[in-house]
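Numbering (the working numbering), first residue to last: 115 to 182.
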């Protein structure tokens, strides 16, 4: 679910083929009827990547009970 830009999912691509595959996959999910709301996953070119602080690591596993 969309919980705001800070937590939004994103697919990073390195080349045009990866971008095309990502956009096709997103569109296929969008029209599948499996979701009530729009797919808001962003698709962006890969760039410099920085590891998040420790308290962000394994967030889902740490918070799983409160998220389900």
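Backbone N, C-alpha and C define an ideal beta-carbon position, used for all residues, glycine too.
Query: Validate contact between the segment 149-167 and the segment 125-134 using beta carbons, cut 8 angstroms, 3 pairs; Result: yes
Query: Euclidean distance between Cα positions of residue 167 and residue 129; Result: 28 angstroms
Query: Residue 165 to residue 178 span [Cα, whole Å]; Result: 21 angstroms
Query: CA-to-CA distance, residue 161 to residue 125, given in whole angstroms; Result: 12 angstroms
Query: Close beta carbons around residue 144, own chain, < 8 angstroms, minus the five adjacent residues each side; Result: 152, 153
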